[in-house]
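Colleague:
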């Protein structure tokens, strides 16, 4: 009977301790995941601001050095967080933006890398950042040369941009890039429709700097479209 009482007492003590240990372990795991997510979110915001600084820099020398530093940061981000679609999206954006600045045949390897990164993001989560992988692929297909130089393709551009528009119909970037697409097709009324939508797009959290510069680009493009339509 003494042994039985001892066993019962031990079980009574051990069970709560075991539950406490499991609960604490769960909390540590949740905290670790939350901490990692916070680290990623902050790193992504920093990268986005650095991109705005690089992409809209006026001095060509500063712009080049800024893009080179940005490349390193985007590589670090996707290496540290390979399961985050947003990391791949932003590596693709960095590479394609730098390719646009660099130009010429030397940019081909950059656009190829950008395409691979964006396609990787689609595999992980095509809805990430409101379909930004589709948006970026769409404009990439529009801007790069076609075969045999590169993979440029208007049909693919339209497909990705329209997919992105369904995911984010009021988005500033997707509407702006669709306007660029329709200008390339000389469909100026459609281009104007998307520029007007882009001009009234809701502000993006943590993207105030990028939104400001994009609105300037929208106004420039809108003036061009109005001129083509004979509207002043």
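Numbering (the working numbering), first residue to last: 1298 to 1529. A virtual CB, placed ideally from N, CA and C, is assigned to each residue, including glycine.
#1: Quick check: the Cα distance between residue 1513 and residue 1469, rounded to an integer number of angstroms?
#2: Less than 9 Å between the beta carbons of residue 1398 and residue 1364, yes or no?
#3: The alpha helix (DSSP H) spanning residue 1410 covers which residue range?
#4: Does residue 1471 get closer than 9 Å to chain B when you measure Cβ to Cβ?
#5: Is it buried or exposed for residue 1527, if we count other Cβ within 10 angstroms and need 16 for buried?
#6: Over what stretch of residues does the alpha helix (DSSP H) that includes residue 1452 continue unbroken?
#7: If residue 1415 and residue 1385 are in contact, beta carbons under 8 Å, what's the gap, nearest whole angstrom?
#8: Specify whether the stretch 1376–1383 and the stretch 1401–1415 touch according to this definition: at least 3 beta carbon pairs, one from each stretch, less than 8 Å apart.
#9: Please classify residue 1446 as buried or exposed, where buried requires at least 16 other C-beta atoms within 10 Å of its C-beta.
#10: What first and last residue would you give for the alpha helix (DSSP H) that runs through residue 1511?
#11: Helix, strand or coil: which one does DSSP assign to residue 1440?
#12: Using the C-alpha atoms, what's the distance from residue 1450 back to residue 1441?
#13: Taking the alpha-carbon of residue 1431 as reference, which of 1453, 1346 and 1515 has the nearest alpha-carbon?
#14: Looking at the unbroken alpha helix (DSSP H) that takes in residue 1394, where does it start and where does it end?
#15: Please work out which residues of its chain come closer than 8 Å, Cβ to Cβ, to residue 1326, disregarding the five sequence neighbours upstream and downstream, and give them in chain order.
#16: For residue 1394 and residue 1484, I'd like the C-alpha separation in whole angstroms.
#17: Give me the Cα-Cα distance between residue 1497 and residue 1410, rounded to the nearest whole angstrom.
#18: Does any heavy atom of the ligand ATP sit closer than 8 Å to the C-beta of residue 1506?
#19: Should residue 1532 and residue 1455 be called a contact, given that it needs their Cβ atoms to be closer than 9 Å?
#20: Can you give the Cα-Cα distance for residue 1510 and residue 1333, rounded to whole angstroms?
#21: Check each candidate in 1390, 1443, 1439 and 1396 and name the one with the smallest Cα separation from residue 1417.
Modeller: Put simply:
#1: Start at 1 with the first residue of the chain shown, and residue 1513 comes out as number 216. Start at 1 with the first residue of the chain shown, and residue 1469 comes out as number 172. Between residue 1513 and residue 1469, the C-alpha separation is close to 12 Å.
#2: Here residue 1398 is taken as the residue at index 101 of the chain shown, counted from 1. Here residue 1364 is taken as the residue at index 67 of the chain shown, counted from 1. Yes.
#3: Locating residue 1410 in the chain shown gives position 113, where the first residue counts as 1. Unbroken alpha helix (DSSP H) run through residue 1410: 1405–1422.
#4: Among the chains in the structure shown there is no chain B, since it carries only a single protein chain.
#5: Taking the chain shown and counting its residues from 1, the one referred to as residue 1527 is at position 230. That one is exposed.
#6: Numbered from 1 along the chain shown, position 155 holds the residue referred to as residue 1452. Segment 1451–1464, the alpha helix (DSSP H) holding residue 1452.
#7: Your numbering for residue 1415 matches position 118 in the chain shown. Your numbering for residue 1385 matches position 88 in the chain shown. So it is a contact: roughly 7 Å between Cβ atoms.
#8: no
#9: Residue numbering aside, residue 1446 sits at position 149 when the chain shown is read from its first letter. Flag for residue 1446 reads exposed.
#10: Indexing the chain shown from 1 puts residue 1511 at position 214. Start and end: 1505–1526.
#11: Position 143 of the chain shown holds residue 1440. Helix.
#12: By one-based count along the chain shown, residue 1441 stands at place 144. By one-based count along the chain shown, residue 1450 stands at place 153. Their backbone Cα atoms lie some 8 Å apart in a straight line.
#13: By 1-based counting over the chain shown, the position of residue 1431 is 134. The shortest Cα separation from residue 1431 among 1453, 1346 and 1515 belongs to 1453.
#14: Stepping through the chain shown from its first residue, residue 1394 is reached at position 97. Run containing residue 1394: 1382–1399, per the alpha helix (DSSP H) assignment.
#15: As a first step, residue 1326 must be located in the chain shown, where it is residue number 29. The predicted position of residue 1326 is uncertain, since its pLDDT is 46 and thus under 50; a value taken from the coordinates is nonetheless stated next. No residues qualify anywhere along the chain.
#16: Residue mapping note: residue 1394 aligns to position 97 of the chain shown, counting from 1. Residue mapping note: residue 1484 aligns to position 187 of the chain shown, counting from 1. Going by the C-alpha atoms only, they are around 25 Å apart.
#17: Within the chain shown, residue 1497 is the residue found at index 200, counting from 1. Within the chain shown, residue 1410 is the residue found at index 113, counting from 1. Near 33 Å, if we compare the C-alpha coordinates of residue 1410 and residue 1497.
#18: With respect to the ligand ATP, the structure shown offers nothing to examine, as it has no ligands at all.
#19: Because the chain is modelled from 1298 through 1529, residue 1532 falls outside the range shown and cannot be assessed.
#20: Sequence index remark: in the chain shown, residue 1510 carries index 213 (1-based). Sequence index remark: in the chain shown, residue 1333 carries index 36 (1-based). Their Cα atoms are separated by approximately 31 Å.
#21: Within the chain shown, residue 1417 is the residue found at index 120, counting from 1. Closest option to residue 1417, Cα to Cα, is 1390.
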